[in-house]
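Per my numbering, residue 13 is the first one in the sequence shown, and the count goes up by one each step.
To start, the structure under review is shown below, and the notes come after it.
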Amino acid sequence: MKIIFLNASSQLGGAERCLIDNIFGIRQELPTAEIFVIITAASGAIVNELQPLDVQVILLPLPDRIARLGDSSFDPQKIFVNLFRLFTPINELLNYWHQLRNTVADINPDLIHSNSFKTHLLGSSLRLPQPIIWHLHDFISDRLLMKRLLHFVKHENIWAIANSKSTKDDWHNIFPRLPIKVIYNVVDIDRFAPDSGLRATIPSDNPDLIKVGLVATYARWKGHDIFLQSIAHLVQHHPQSSAKVRFYIVGGAIYETARSQYSRSELVQLTRDLNIEDWVEFIDFRSDIESIYNSLDIVVHASTKPEPFGRTIVEAMACEKAVIVANAGGAAELFTHERDALGVTPGNPHDLADAIWDLIESPTKRSAIGTAARQTVVERFNRDRLGAELVDIYTQML
Ligand code: GLC
């Protein structure tokens with residue numbers, strides 16, 4: 013079988029880590045499959061990760077102005093500005109479209125597996141005879157521009173995989189006739205595993221320090237502001253905690269789309285405004301992200317909008333960490349409150365502060381939740397199941 017994966021970013025966000033898992037699964041299930049990965053961006057961290065998987069990587073960077081377009085730069089109030097933005101690069105876009113179409117047509121795959129909004133759009137607009145899978149990692153209903161554009165290119169030979177029931181329901185409201193199958197994301201449970209030997213990744217002078225971290229891209233809806241406000245609340249109400257707790261923001265602004273992300277300096281300024289700069293440290297993403305989870309005692313997920321899945325939640329759970337989850341969307345499907353994680357109201361810093369404090373105060377609870385969390389991941393999110401699930405859907409399509 014010959015498969016083309018299409019992906020918009022070459023950075024290692026959640027969707028890209030899923031892409032790597034998908035290819036790993038296919039390799040296990042179909043060792044002789046010919047796999048091509050077309051990335052519509054210049055080279056980045058994903059390329060190294062793809063190397064051991066025996067795939068051919070083709071980089072076709074979108075022209076800059078188009079790469080930066082996204083729903084966050086689409087303001088429905090300023091319709092003419094938007095149209096202008098969209099149509100000025102039309103020539104560049106047409107040239108690019110032809111280049112992509114020729115590349116895909118030359119490879120002549122059996123099917124195309126698209127992993128990002130932009131590649132769903134581009135891939136489906138090519139109108140090639142092969143079936144296409146849209147792998148749905150994010151909700152569509154709030155993406156004003158994308159929703160319209162995808163309607164425009166949607167055709168009969170498109171199937172979809174959703175990363176949660178919540179994501180599936182959201183897409184079904186907009187595309188009632190699109191066949192969508194839920195396949196929950198998976199993690200490599202050998203890589204994401206508890207390992208006390210790796211704790212030194214975040215060094216500290218005090219071995220008893222309790223480390224609380226938010227691991228996320230700098231997308232504004234990931235709730236960095238809520239996390240920082242909850243820290244301010246904790247520091248104010250439990251000043252004695254300062255000696256035993258430290259907070260970490262792990263990640264960066266990795267995507268190209270304009271306006272949708274915090275910058276590091278904005279977040280640093282927020283810690284100053286809240287008077288908590290001495291409690292918070294910033295750490296970049298690393299490709300061995302499991303060593304970060306293993307350095308932390310409590311992992312916080314604070315998304316202010318419903319999270320379609322929440323890969324970092326499952327990764328941290330696999331490392332036996334006590335995770336606090338903003339309890340909405342697909343993230344709410346991943347755990348049982350008070351058993352293998354703690355759920356909190358999204359967007360509520362006081363609720364989050366209470367949950368963090370609860371776990372700071374109770375090491376026994378932290379470890380009981382961590383143990384149950386690992387077990388949940390082994391049962392429900394183990395990477396070993398993925399290849400067969402994907403091949404099953406491929407076979408149905410073909
Ligand atoms: C997107 C979603 C996130 C999910 C990831 C992998 O980034 O926003 O919730 O975990 O894709 O599916």
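No residue lacks a Cβ here, since even glycine has one placed at the ideal position from N, Cα and C.
In this text, all values refer to a predicted model and were calculated from it rather than measured experimentally.
The residue among I301, L156, I124 with its C-alpha nearest the C-alpha of V227 is I301. By the neighbour-count criterion, in which 16 or more other beta carbons inside 10 Å mark a residue as buried, S307 falls on the buried side. R113: member of the alpha helix (DSSP H) spanning 102 to 119, first to last residue.
No Cβ-Cβ contact shorter than 8 Å links T229 with Y196. Bounds of the beta strand (DSSP E) holding E293 are 292 to 295.
The straight-line gap separating the alpha-carbon atoms of L240 and H349 is approximately 23 Å.
The Cβ-Cβ distance between A57 and S299 falls below 8 Å.
Between W233 and T179, the gap from beta carbon to beta carbon reaches 8 Å or more. Under the three-state reduction of DSSP output, V326 falls in the helix class. Note on T44: under 16 other CB atoms within 10 angstroms of its CB, so exposed under the neighbour-count rule. Between the segment 23 to 42 and the segment 52 to 66, the count of Cβ pairs shorter than 8 Å is three or higher; the stretches touch. For H147, there is no enclosing alpha helix (DSSP H); the enclosing beta strand (DSSP E) covers residues 144 to 148.
Cβ neighbours of G355 within its own chain (closer than 6 Å, five residues either side excluded): V337, N339, H349. Ranked by how close their Cα comes to the Cα of V312, the residues H147, G225, P191, L138 have G225 in first place. In the same chain as R276, and ignoring 5 residues on each side of it, the C-beta atoms closer than 8 Å to its own belong to Y230, G264, A265, F294, in chain order.
Taking a C-beta distance under 8 Å as the contact criterion, F297 and L74 do not qualify as a contact pair.
Excluding the 5 residues flanking it on each side, Q111 has same chain C-beta neighbours closer than 7 Å at L72, in chain order. Its chain contains I325, M329, V335, V337, A353, G355, A385, T388 as the residues whose beta carbon lies nearer than 8 Å to that of F347, once the 5 sequence neighbours on both sides are disregarded; these appear in chain order. Between the ligand GLC and P320, a heavy atom-to-CB distance of less than 7 Å is present. Contact annotation: H132 and L105 have beta-carbon atoms that are not nearer than 8 Å.
The C-beta separation of F48 from I70 comes to about 6 Å, placing the pair in contact by the 8 Å criterion. For the set K223, D207, P206, the Cα lying nearest the Cα of I214 is the one of K223.
With 16 or more neighbouring CB atoms inside 10 Å of its own CB, T52 falls in the buried class.
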